[in-house]
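**Student:**
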Amino acid sequence: GAVVSQHPSWVICKSGTSVKIECRSLDFQATTMFWYRQFPKQSLMLMATSNEGSKATYEQGVEKDKFLINHASLTLSTLTVTSAHPEDSSFYICSAREVEGALNSPLHFGNGTRLTVT
Amino acid sequence: GDSVTQMEGPVTLSEEAFLTINCTYTATGYPSLFWYVQYPGEGLQLLLKATKADDKGSNKGFEATYRKETTSFHLEKGSVQVSDSAVYFCALGTLNQGGKLIFGQGTELSVKP
Chain Y
93 GAVVSQHPSW VICKSGTSVK IECRSLDFQA TTMFWYRQFP KQSLMLMATS
143 NEGSKATYEQ GVEKDKFLIN HASLTLSTLT VTSAHPEDSS FYICSAREVE
193 GALNSPLHFG NGTRLTVT
Chain P
7 GDSVTQMEGP VTLSEEAFLT INCTYTATGY PSLFWYVQYP GEGLQLLLKA
57 TKADDKGSNK GFEATYRKET TSFHLEKGSV QVSDSAVYFC ALGTLNQGGK
107 LIFGQGTELS VKP
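Protein chains in written order, with the numbering used here: chain Y, 93 to 210; chain P, 7 to 119.
(1) When you compare the segment 102-116 of chain Y with the segment 12-30 of chain P, are there three or more beta-carbon pairs, one atom per stretch, that lie closer than 8 Å?
(2) If contact is defined by three or more beta carbon pairs under 8 Å, each pair taking one atom from either stretch, is the segment 140-150 of chain Y in contact with the segment 29-40 of chain P?
(3) Tell whether a beta-carbon distance below 7 Å holds between residue 207/Y and residue 181/Y.
(4) In whole angstroms, what is the alpha-carbon distance linking residue 131/Y and residue 58/P?
(5) Chain P beta carbons: is any one of them nearer than 7 Å to that of residue 208/Y?
(6) Determine whether the Cβ of residue 178/Y lies closer than 7 Å to any Cβ atom of chain P.
(7) Could you tell me whether the segment 163-172 of chain Y touches the segment 67-77 of chain P, using the rule of 3 or more Cβ pairs below 8 Å?
(8) Beta carbon of residue 187/Y, beta carbon of residue 120/Y: below 7 Å?
(9) Can you name the start and end residues of the beta strand (DSSP E) that residue 114/P belongs to?
(10) Does residue 109/P have its Cβ less than 7 Å from a Cβ in chain Y?
(11) For residue 67/P, which residues from the same chain have a beta carbon less than 6 Å from its beta carbon, with the 5 sequence-adjacent residues on both sides left out?
(12) So, is residue 32/P buried or exposed, given that buried needs 16 or more other C-beta atoms within 10 angstroms?
(13) In whole angstroms, what separates the C-alpha of residue 63/P from that of residue 56/P?
(14) Are any of the Cβ atoms in chain Y nearer than 7 Å to that of residue 74/P?
(15) DSSP state of residue 96/Y, grouped into three classes?
(16) Give me the Cβ distance between residue 88/P and residue 119/P, rounded to the nearest whole Å; I'm assuming they're in contact under 8 Å.
(17) Taking DSSP's pairing of strands, which residues face residue 125/Y in a bridge?
(18) Residues in the same chain with beta-carbon distance under 6 Å from residue 129/Y, minus the five sequence neighbours each way, listed in chain order, please.
(19) So, are the CB atoms of residue 103/Y and residue 111/Y less than 7 Å apart?
(20) Using only the alpha-carbon positions, how far apart do residue 112/P and residue 90/P sit?
(21) Can you tell me whether residue 200/Y is buried or exposed, with buried defined as 16 or more other CB within 10 angstroms of its CB?
(22) What three-state label does DSSP hand residue 21/P in the structure shown?
As structure tokens, then:
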């Protein structure tokens with residue numbers, strides 16, 4: 093079945109450095125991908141909608157310059173956390189839907205990336 | 007804006023107990039409603055869904071009915087198992103928002119033998 097692959101599964105970086113997280117749709121194309129951030133008490137916050145060939149749509153309160161999203165192809169979206177700080181430490185999850193815009197089509201999730209900023 | 011509210015966890019039950027996890031929502035338009043489950047160390051998986059009022063979604067013994075009059079989508083299971091221990095997320099989505107889902111805060115369920 094359709095799978096979303098996320099890489100890396102965990103990363104540790106020093107404060108001030110940048111980290112790139114990749115999200116790939118396997119076996120299907122996705123012009124739209126969604127990036128979520130999962131907080132320690134489990135709540136899942138939508139950060140942005142990644143659009144292939146155009147700018148990402150960010151949710152209110154999400155810093156565009158800190159969380160750079162690039163949807164380079166129909167199967168790849170990347171999230172770059174720039175100038176990371178300890179408060180950016182979190183669990184980041186991407187997702188994509190097999191059939192664009194069709195809510196009946198399941199939203200497939202990657203296994204997430206645990207980012208720790210020291 | 008649209009939002010989803012779930013009952014707070016953790017919920018701890020004995021095996022074979024009845025489970026209810028409450029979920030209510032606020033939305034403009036006509037949302038579809040979902041329950042996702044996250045088992046320890048794994049990604050989110052779709053558990054069940056309902057796309058219109060009075061629809062009942064079901065899977066693996068879990069059920070939830072889309073109640074428009076009470077704006078609710080409570081998750082139920084008649085007899086839980088240890089293997090049901092996970093975090094459960096209620097979510098809504100509307101087509102006018104490009105297919106993105108808005109999630110509740112999640113409810114952790116722990117089932118003891």
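Glycine included, every Cβ here is placed at the ideal spot set by N, Cα and C.
**Tutor:** So, from the listed chains and residues:
(1) No, the segment 102-116 of chain Y does not touch the segment 12-30 of chain P.
(2) The segment 29-40 of chain P is not in contact with the segment 140-150 of chain Y.
(3) In this structure, residue 207/Y sits near residue 181/Y, with a CB-CB distance shorter than 7 Å.
(4) Taking C-alpha positions only, residue 131/Y is separated from residue 58/P by approximately 30 Å.
(5) The C-beta of residue 208/Y comes no closer than 7 Å to any C-beta of chain P.
(6) The beta carbon of residue 178/Y sits no closer than 7 Å to any beta carbon of chain P.
(7) No, the segment 163-172 of chain Y does not touch the segment 67-77 of chain P.
(8) Between residue 187/Y and residue 120/Y, the C-beta gap is not smaller than 7 Å, which leaves the two residues out of contact.
(9) For residue 114/P, the enclosing beta strand (DSSP E) covers residues 113-118.
(10) Interface residue (Cβ-Cβ distance to chain Y less than 7 Å): residue 109/P is classified as such.
(11) These residues qualify, in order along the chain: 83.
(12) Counting of Cβ neighbours within 10 angstroms places residue 32/P among the exposed residues, the total staying below 16.
(13) Each residue's Cα considered, the two are about 5 Å apart.
(14) No, because no Cβ of chain Y sits closer than 7 Å to the Cβ of residue 74/P.
(15) Strand.
(16) About 6 Å separates the two Cβ atoms, so the contact holds.
(17) Paired residue(s): 142/Y and 188/Y.
(18) Excluding sequence neighbours, residue 129/Y sits near 137, 139, 182 and 184.
(19) The beta carbons of residue 103/Y and residue 111/Y sit closer together than 7 Å.
(20) Each residue's Cα considered, the two are about 14 Å apart.
(21) Looking at its Cβ environment, which holds 16 or more other Cβ atoms inside 10 Å, residue 200/Y is buried.
(22) Coil.
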